[in-house]
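The next block holds one structure in the form of structure tokens; read it before the comments.
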Amino acid sequence: MAKIPSIISLFLLELKRACHHRVDWCVSWLFFVLVVSIFAISLGGQVRQLLPLHAVGIIWVAVTLSTLLSLEKLFRADYKQGILEQYLFSTIPLSLLMLIKAMVHWLASGLPLLLLTPLMALFLGIPLNILPVLLLTLAIGTQILSALGSLGAILTVGLPRAGILLTVLLLPLYLPTLLLAMSVLASQLEGQSTFSSLAWVWVLWIFTQLFSPWISASILKVCLRDA
Amino acid sequence: MRKMLKDLFKRMIAYGAPKNFYQLATSWYPWTLCLSFICLGLGTYAGLYIAPSDYQQSDAFRILYVHVPSAFLSLSVYTIIAFCSFLYLVWKVKIADIIASASAAVGATFTLLALATGAIWGKPMWGTWWVWDARLTSELILFFLYLGYICLRSAVSTSRLSSKVCGIFALMGLIDIPIVHFSVKWWNTLHQGPTISRWAKPAMPWPMLWPLLIMMVGFGLFYLSVVLMRSRSELLRRERQTQWVSQLLRRSSSCSMPNTFGAVIS
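In the order they appear, the protein sequences are chains L and W.
Using our numbering, the letters of the first sequence map in sequence onto residues 19 to 245.
Using our numbering, the letters of the second sequence map in sequence onto residues 978 to 1243.
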């Protein structure tokens, strides 16, 4: 258990590096705001007629897209500077390192989007009573997206044109999260109990958090040998 | 018994060797292609003329003789790809990876065919081209996975890395499809899904069933022959530096057909 300080220091280091590249992250936040605004603007005066379910759907799609946008940079610098190879020789388990990367990604991409969501809800005229549930699904959902996303990012790290490829590969994998989150929101809007659908989102969360660091670690091991 | 198993295993390993697989593919694919054409012709004729028309759907149901085999194969080809990727990732079976790469485009075609025939059938039967129910959505996502897989294959030039990356992606997609199916179903049953899509499938009488079975065999054989053909050329491309390929080339050029292999290799 002597490793815990080194794990914490590594986490802080990764966070510091994320702060260093803050412009990259800001682009994805800006993208989120832009997508939602463009939706609202293109509807013109009709935005008031938007049903709450459609509005939360727009928010969720925008969150998914901007998460995808931020993923390409997640391992790119590590790969170019040879840090990924050094990870292989670290005393900290590789899966834990991958978990740290996913958590840092969530802090830099998911959390800011979460904080921006109330403002965007204002743009789309989402009623206030749905906002807590929306934020809850986003809080769980963005962590799932980060975990799956780091998996995809590590898979495509050495490839040319990884950004657009990543989008094509990951969107089908993101679909279940999106669907289950939307079914939670729909239950809330219809006044039904959200318990059962929310439970499925939690199941997805547990599975991705448990398995994706482990899978990304093995992907890293397999791919670095040939890259 | 044990000796027999051992023998069988040995023989399978021997067919896993590129050269033997090449010979196997060369000798098998004309037969499978011929058989598949016979089955497809017979099945089409029987489906169109011999099978009785349905009392509810009249003749419109006959598109099922194309729709069901292609839908069935779209899923099974993906499973084959995932299984082969697993074989490649765990035991480094080269042939498995070649079969997976050769299958992707065929599977994508079957998926597109299933989607198209389903839409054509759906318009007169359901009154709409498309419904977002679980089966259709997961078929569409399957199509996207196929396309993603093909894009990923072509994006990486070094073949060993691309095989591994694609293999992992195929396995991830295999987990994804049932989850998508389940979550759409969950969404729909929670919130009054399209009830038209939940028609109960009546048991099929024998005169309608047997052309379908023949068509399924025909489709399967067609897939097999195309995969054998494609993996043969892929095999030659990958093994172009080995001795047996150069021997093959020399032999074929002495038989005065230089273009057949020359085109593949370059």
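The beta-carbon is built from N, C-alpha and C at its ideal position, and this holds for glycine as well.
Taking the alpha-carbon positions, what's the L:Ile26 to W:Phe1159 distance?
Against the first sequence, residue 26 of chain L aligns to sequence position 8. Against the second sequence, residue 1159 of chain W aligns to sequence position 182. Approximately 39 Å, taken between the alpha carbons.
Give the secondary structure of W:Asp1036 by DSSP, where H, G and I count as helix, E and B as strand, and everything else as coil.
Translated into positions along the second sequence, residue 1036 of chain W becomes position 59. In this structure, W:Asp1036 counts as helix in the three-state DSSP scheme.
Contact criterion: CB-CB distance below 8 Å. Does L:Arg179 meet it with respect to chain W?
Within the first sequence, numbered from 1, the residue matching residue 179 of chain L stands at position 161. It does: the Cβ of L:Arg179 has a partner Cβ on chain W nearer than 8 Å.
Please confirm whether W:Met1192 and W:Pro1101 have their CB atoms less than 8 Å apart.
Here residue 1192 of chain W is taken as the residue at index 215 of the second sequence, counted from 1. Here residue 1101 of chain W is taken as the residue at index 124 of the second sequence, counted from 1. Contact: no.
Counting only beta-carbon atoms, is L:Pro231 nearer than 8 Å to chain W?
Your numbering for residue 231 of chain L matches position 213 in the first sequence. No - not a single Cβ of chain W is within 8 Å of the one on L:Pro231.
Taking CB distances under 8 Å as the criterion, tell me whether W:Gly1150 reaches chain L.
Along the second sequence, read from residue 1 onward, the residue named residue 1150 of chain W stands at position 173. W:Gly1150 counts as touching chain L.
Under three-state DSSP, which class holds W:Asp1110?
Counted from its first residue, the second sequence places residue 1110 of chain W at position 133. Three-state DSSP puts W:Asp1110 in coil, outside helix and strand.
Return no unless some Cβ of chain L is closer than 8 Å to the Cβ of W:Lys996.
Counted from its first residue, the second sequence places residue 996 of chain W at position 19. W:Lys996 does not count as touching chain L.
By how many angstroms is the C-alpha of W:Asp1074 removed from the C-alpha of W:Ile1152?
For the purposes of this step, residue 1152 of chain W is identified with residue 175 of the second sequence, where counting begins at 1. For the purposes of this step, residue 1074 of chain W is identified with residue 97 of the second sequence, where counting begins at 1. Using only the alpha carbons, I get a separation of about 19 Å.
I want to see whether chain L comes within less than 8 Å of W:Gly1125, judged by CB atoms only; does it?
As a position in the second sequence, residue 1125 of chain W is number 148, starting the count at 1. Chain L, which has a Cβ nearer than 8 Å to the Cβ of W:Gly1125, makes this yes.
In the segment 65-84 of chain L, which residues sit with their C-beta less than 9 Å from some C-beta in chain W, listed in chain order?
So nothing in the stretch comes that close.
Measure the alpha-carbon distance for W:Leu1012 versus W:Thr1021 and round it to whole angstroms.
Within the second sequence, residue 1012 of chain W is the residue found at index 35, counting from 1. Within the second sequence, residue 1021 of chain W is the residue found at index 44, counting from 1. The alpha-carbon atoms of W:Leu1012 and W:Thr1021 are separated by roughly 14 Å.
Any beta carbon of chain L sitting closer than 8 Å to that of W:Ser1047?
Working through the second sequence from its first residue, we reach residue 1047 of chain W at position 70. Taking Cβ atoms only, chain L never reaches closer than 8 Å to W:Ser1047, which makes this a no.
According to DSSP, what are the bridge partners of W:Asp1031?
Numbered from its first residue, the second sequence carries residue 1031 of chain W at position 54. Its beta-bridge partners are W:Ser1035.
Can you look up W:Val1070 in the DSSP assignment and give me helix, strand or coil?
On the second sequence, position 93 is the one that residue 1070 of chain W refers to. In this structure, W:Val1070 counts as coil in the three-state DSSP scheme.
Got a sec: is the Cβ-Cβ distance from W:Ser1160 to anything in chain L below 8 Å?
Walking along the second sequence from the start, residue 1160 of chain W turns up at place 183. W:Ser1160 counts as touching chain L.
Just checking: is the beta-carbon of W:Trp1164 within a distance shorter than 8 Å of some beta-carbon in chain L?
The residue you call residue 1164 of chain W lines up with position 187 of the second sequence. True, the Cβ-Cβ gap to chain L drops below 8 Å.
Assuming W:Ser1062 contacts W:Ala1147 under a Cβ cut-off of 8 Å, what Cβ separation, rounded to an integer in Å, is found between them?
Working through the second sequence from its first residue, we reach residue 1062 of chain W at position 85. Working through the second sequence from its first residue, we reach residue 1147 of chain W at position 170. Yes, they are in contact, since the Cβ atoms of W:Ser1062 and W:Ala1147 sit about 5 Å apart, within 8 Å.
How is the alpha helix (DSSP H) around L:Ala165 delimited, first residue to last?
Walking along the first sequence from the start, residue 165 of chain L turns up at place 147. Run containing L:Ala165: Leu149 to Leu173, per the alpha helix (DSSP H) assignment.
Quick one: give me the first and last residue of the alpha helix (DSSP H) that L:Phe29 is part of.
Position 11 of the first sequence, counted from the first residue, corresponds to residue 29 of chain L. L:Phe29 -> alpha helix (DSSP H) spans Ile22 to His38.
So with Cβ pairs under 8 Å, would you call W:Ile1156 a contact of chain L?
As a position in the second sequence, residue 1156 of chain W is number 179, starting the count at 1. Chain L contact via Cβ: present.
Let me know if L:Val221 comes out buried or exposed under the rule of 16 or more other beta-carbons within 10 Å of its beta-carbon.
Counting from one through the first sequence, the residue named residue 221 of chain L turns up at place 203. Exposed is the call here.
Mapping DSSP to helix, strand and coil, what is W:Pro1101?
For the purposes of this step, residue 1101 of chain W is taken as residue 124 along the second sequence, with counting starting at 1. If DSSP states are grouped into helix, strand and coil, W:Pro1101 belongs with the helices.
Name the chain A residues whose beta carbon is nearer than 8 Å to that of W:Lys1069?
The structure shown has no chain A; the protein chains it does contain are L and W.
Of all the CB atoms in chain L, is at least one closer than 8 Å to the CB of W:Val1222?
Sequence index remark: in the second sequence, residue 1222 of chain W carries index 245 (1-based). For W:Val1222, the answer is no, since every Cβ of chain L falls outside 8 Å of its Cβ.
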